[in-house]
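Asker: So the sequence shown is numbered by my numbering: it starts at 8 and just counts up by one.
We put the CB at the ideal spot given by N, CA and C, even for glycine.
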Amino acid sequence: MKKIKTATNVIVEMANQPHYTPLKDRFYYKDFLLLMPEKHRRHIAKIFIKNDTLNIITLNHIGYQELNHDDSKKYIKILIKLYAKENPNSKFIDVKNLRIFSQRYEKTKLKLENSPKKIRPYIELSLGKFKNPFENKALYDKFEALRKVIQNA
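1. Look at N67 and Q110 and say whether their C-beta atoms are less than 8 Å apart.
2. For L61, count neighbouring Cβ atoms within 10 angstroms of its own Cβ and tell me buried if that reaches 16, exposed if not.
3. Grab me the residues of L74's own chain with a C-beta within less than 8 Å of its C-beta, minus the 5 sequence neighbours each way, in chain order.
4. Where does the unbroken beta strand (DSSP E) through N104 begin, and where does it stop?
5. Relative to the C-alpha of P44, which candidate in R154, E142, L86 has its C-alpha closest?
6. If you count every other CB in all the chains shown that lies within 10 Å of the CB of S133, and 16 or more means buried, which is it?
7. With DSSP as the reference, identify every bridge partner of T65, one or two as the case may be.
8. With 16 other CB atoms within 10 Å as the buried threshold, where does F39 fall?
9. Can you look up K92 in the DSSP assignment and give me helix, strand or coil?
10. Within its chain, find whatever has a CB closer than 8 Å to the CB of K31; leave out the 5 residues flanking it on each side and keep chain order.
11. Sorted by chain position, which residues of the same chain lie with C-beta nearer than 6 Å to N104's C-beta, five sequence neighbours on each side aside?
Below you can see the structure in the form of structure tokens.
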């Protein structure tokens, strides 16, 4: 008689297949990140393990300075040891070094060429209907230009 496998056994068996190892590693990375404090976590863009080295890529240079501090490095190394002890199947058991990098680029917002007209913080109450009593040509022209601006607003 054939024994029926439980859902947990099937998932574990599938996770142990070689083409699922990157996904499995990502779960371990995510789990490791959840152990870190929020002040460190918000600076991290990506982590990965390569050649027995945990590589941490920060979002910007501020995160690099925060995580590259001696106390932060010691704390992360202690976390690595604790995590490797709790999860012996993870790649964290082989980690011996820690490297911290900063991203070389920052995401910038794309500028739209056809951006909508800026909304003014006030509503123009004047209709531009006023007398222009100036006889000086320069002042007269400036008031007429002002009248056009008010009427177009």
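Answerer: Put simply:
1. Cβ distance < 8 Å, so N67 and Q110 count as in contact.
2. buried
3. H47, H50, I51, I63, T65, K80, I83, I107
4. 104-109
5. L86
6. exposed
7. T65 pairs with I51, S109.
8. buried
9. DSSP places K92 in the helix class (H, G or I) of the three-state scheme.
10. A22
11. T60
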